[in-house]
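Undergrad: When we follow my numbering, the leftmost residue of the sequence shown carries the number 285, and every step to the right adds one. Note that the Cβ used here is the ideal one computed from N, Cα and C, for glycine as well. Every value quoted in this text rests on a predicted model; they were computed, and no experiment measured them. First the structure, which I've put down as structure tokens, then a few questions once you've had a look.
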Amino acid sequence: DDAEYDRLRDAASHEADLRGRCFEASKKAYNEGNGALAHEKSEEAKEHGKKMEQFNEQAALYVFRANNASCQPDELDLHGLHVDEAKLYTEQRVMACKQRREDHLHIIVGRGNHSVNHIQKLKPAIEELCQRYGFEYSTEQNEGRIFVKF
């Protein structure tokens, strides 16, 4: 359900805000000559950063499993993932496909409907990944899907 995904992403965003505040407090303390407080706030910021990463990893795994549960064996659905997460899941899936001697994959990148200004973020990132690995790829009739041959 979307509520759990939203909860995890919101928690990650909250931790990111706290991290930013702690880094600002650390900088302020340092500039005021209070090295001990600066160090303390810097360490707090790092902890909030770790929590943010954990919440984002949980959200990514949650949405990935939910979206791919009903996919065909040669499909990969990246909806709901951040760009770095999508690249990681794509690389893992391609390696698994190659180990099974499969030669293609239909990657669902979406049309960017949920992105700022409806600009696709996943598609160019996955296309760049394909170029880097030398895979042939093309946009399918549904422009939110990429056919990749390796």
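Hey, which unbroken runs of the beta strand (DSSP E) at 3 residues or more fall wholly within the stretch 345 to 419?
TA: 359 to 361, 388 to 392, all fully within the stretch 345 to 419.
Undergrad: Got a sec, what are the start and stop residues for the alpha helix (DSSP H) F431 sits in?
TA: For this step, residue 431 is matched to residue 147 along the sequence shown. That residue, F431, is in no alpha helix (DSSP H); its beta strand (DSSP E) goes 429 to 433.
Undergrad: So, is S310 buried or exposed, given that buried needs 16 or more other C-beta atoms within 10 angstroms?
TA: Residue 310 sits at position 26 when you count from the first residue of the sequence shown. S310 comes out buried.
Undergrad: My understanding is that V393 touches F434, with C-beta atoms under 8 Å, so please give their C-beta distance in whole angstroms.
TA: Position 109 of the sequence shown, counted from the first residue, corresponds to residue 393. Position 150 of the sequence shown, counted from the first residue, corresponds to residue 434. Their Cβ separation, rounded to whole angstroms, is 17 Å, which puts V393 and F434 out of contact at 8 Å.
Undergrad: Which residues does DSSP list as the beta-bridge partners of Y289?
TA: Counted from its first residue, the sequence shown places residue 289 at position 5. Bridge partners of Y289: none, in fact.
Undergrad: Per the DSSP calculation, Y314 is bridged to which residue(s)?
TA: Here residue 314 is taken as the residue at index 30 of the sequence shown, counted from 1. Answer is none; Y314 lacks a bridge partner.
Undergrad: Applying the criterion that 16 or more other CB atoms from any shown protein chain within 10 Å of the CB defines a buried residue, is E299 buried or exposed?
TA: For this step, residue 299 is matched to residue 15 along the sequence shown. Buried, since its Cβ has 16 or more Cβ neighbours within 10 Å.
Undergrad: With a CB to CB cut of under 7 Å and the five nearest residues on each side skipped, what residues in its chain are close to A313?
TA: In the sequence shown, residue 313 corresponds to position 29, counting from 1. These residues qualify, in order along the chain: L321, A322, K325.
Undergrad: Just how far apart, CA to CA, sit V367 and A409?
TA: Taking the sequence shown and counting its residues from 1, one reaches residue 367 at position 83. Taking the sequence shown and counting its residues from 1, one reaches residue 409 at position 125. Answer to the nearest angstrom: the Cα atoms are 7 Å apart.
Undergrad: Going by DSSP, name the residue or residues bridged to S422.
TA: For the purposes of this step, residue 422 is taken as the residue at position 138 of the sequence shown. Bridge partners of S422: F431.
Undergrad: Confirm, please, whether the CB-CB distance from I430 to R421 is below 9 Å.
TA: Counted from its first residue, the sequence shown places residue 421 at position 137. Counted from its first residue, the sequence shown places residue 430 at position 146. For clarity, residue 421 is Tyr in the given sequence; the question names Arg instead. It is a contact, given that the beta carbons lie within the stated cut-off.
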